[in-house]
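Presented below is the structure to which this report refers.
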Amino acid sequence: MTTATLFTRIMNKEIPAEILYEDDLCIVINDIAPQAPVHMLVIPRQPIPRLADACQADRELLGHLMWVVGEVARLYDIEDAFRLVVNNGADAGQTVFHLHLHILANKGSDETFSEATL
Ligand code: 5GP
1 MTTATLFTRI
11 MNKEIPAEIL
21 YEDDLCIVIN
31 DIAPQAPVHM
41 LVIPRQPIPR
51 LADACQADRE
61 LLGHLMWVVG
71 EVARLYDIED
81 AFRLVVNNGA
91 DAGQTVFHLH
101 LHILANKGSD
111 ETFSEATL
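At position 14 of the sequence shown the residue is numbered 14 (my numbering), and the sequence of numbers has no breaks.
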């Protein structure tokens, strides 16, 4: 038996999170430790550990995640300025080994992104 990832436990409502969007393939939540005024995570229900572990059969899912990024950007009024980040591997800063896309936006702030964000 494999242990459920942190994000799977959030999807199963075992751990609370602010869910901003969900569909049959993914959920979008607020990051618990935001690195920008808006910091959302787009997470597939399927627990692919890293982007580099995705296989050919996952192409439609990966495309769906990118579409959801645009959809939530429109929903939360950040479609004109956001950054999308995927950390792949511990040496790149990945801490949760369940694929997720970080959406970062400076909505409501005059600051611009530094190159080092995430
Ligand atoms: P990574 O470092 O793997 O790219 O990103 C993992 C992200 O998950 C981090 O930005 C971290 O703040 C976030 N995170 C970790 N634990 C929780 C949690 O329990 N709830 C939520 N909403 N986010 C979490």
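Built from N, CA and C at the ideal position, the CB exists for glycine as well.
A quick note: this is a predicted structure, and the numbers were derived from the prediction, not measured.
Euclidean distance between Cα positions of R59 and N12: Going by the C-alpha atoms only, they are around 24 Å apart.
Strand pairing of L101, partner residues [DSSP]: Note: L101 is bridge-paired with V42 in the DSSP secondary-structure output.
Three-state secondary structure assigned by DSSP to V96: Looking at V96 - three-state DSSP - the assignment turns out to be coil, as it is neither helix nor strand.
Span separating the alpha-carbon of E79 from that of H64: Rounded to the nearest angstrom, the two C-alpha atoms are 17 Å apart.
Every unbroken alpha helix (DSSP H) within the stretch 11-77, with a cutoff of 4 residues, ordered by chain: Qualifying alpha helix (DSSP H) stretches, in chain order: 59-75.
In DSSP terms, what V85 is bridged to: V85 is bridged to H102.
Three or more C-beta pairs below 8 Å linking the stretch 36-44 and the stretch 12-27: Contact between the stretch 36-44 and the stretch 12-27 is present, because at least three Cβ pairs lie under 8 Å.
Burial state of C26, where buried means 16 or more other Cβ atoms lie within 10 Å: Its Cβ being crowded by 16 or more others within 10 Å, C26 is buried.
Rounded straight-line distance, which links the Cα of P37 to that of D91: The alpha-carbon atoms of D91 and P37 are separated by roughly 25 Å.
C-alpha distance - N88 paired with P47, whole-angstrom precision: Going from the Cα of N88 to the Cα of P47 covers about 14 Å.
Inter-residue Cα distance where the pair is A52 and G108: Rounded to the nearest whole angstrom, the CA to CA distance from A52 to G108 is 34 Å.
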